[in-house]
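Visitor:
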Amino acid sequence: MSAYMSSKKTMEINPDNGIMEELRKRAEVDKNEKSVKDLVLLLYETALLTSGFSLDDPNTFAARIHRMLKLGLSIDDDETATDDTEMPALEEDANEESKMEEVD
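Here the sequence shown is numbered in UniProt numbering, starting from 1 and rising by one per residue.
#1: Which word fits Met11, buried or exposed, when buried means at least 16 other C-beta atoms lie within 10 angstroms of its C-beta?
#2: With DSSP collapsed to three states, give me the class of Met20.
#3: Of the residues Asp77, Ile19, Ala27, which one's Cα is nearest the Cα of Ala63?
#4: Look at the alpha carbon of Gly18 and the alpha carbon of Arg24, and state the distance between them as a whole number of angstroms.
#5: Nearest to Lys37 by CA position, among Phe53, Thr50, Glu22, Leu49, is which residue?
#6: How should Glu45 be labelled, buried or exposed, when 16 other C-beta atoms within 10 angstroms of its C-beta is the threshold for buried?
#7: Helix, strand or coil: how does DSSP classify Ser74 here?
#8: Please return the same chain residues whose Cβ sits closer than 8 Å to the Cβ of Ser54, not counting the five positions on each side in sequence.
Here it is, written out as structure tokens:
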């Protein structure tokens, strides 16, 4: 009986939407292009989130978002790997702990 009570995921797509038209064109050019696949999955996962559903793997979603940000900012993966420099450790402030206690 619980199978009847569970919500079903239905995604309705407007084929005349500019995003869908561009995704279709890019998919027709190269069916194996990773960025098109990432964009389609991002579209689906974003629809899930806005509809109140949760993601099975939020880390994969975040990795896709980061790849799309790099693509949009024209950042090469090789550049990000070499730019990772060791950050110095933060200095601890003895007064910080007492400030947190004051808030309570």
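Every residue gets a Cβ at the ideal spot worked out from N, C-alpha and C, and that includes glycine.
Guide: Based on what the coordinates show:
#1: On the sequence shown, position 11 is the one that residue 11 refers to. Exposed, by the Cβ-count rule.
#2: In the sequence shown, residue 20 corresponds to position 20, counting from 1. Looking at Met20 - three-state DSSP - the assignment turns out to be helix.
#3: Translated into positions along the sequence shown, residue 63 becomes position 63. Per the Cα distances, Asp77.
#4: Here residue 18 is taken as the residue at index 18 of the sequence shown, counted from 1. Here residue 24 is taken as the residue at index 24 of the sequence shown, counted from 1. For Gly18 and Arg24, the distance between alpha carbons rounds to 10 Å.
#5: Working through the sequence shown from its first residue, we reach residue 37 at position 37. Ranking Phe53, Thr50, Glu22, Leu49 by CA distance to the CA of Lys37 puts Glu22 first.
#6: In the sequence shown, the residue the question calls residue 45 occupies position 45. Per the 10 Å Cβ criterion, buried.
#7: Translated into positions along the sequence shown, residue 74 becomes position 74. Reduced to three states, the DSSP call for Ser74 is coil.
#8: Position 54 of the sequence shown, counting from 1, holds the residue named residue 54. Here the set comprises Leu48.
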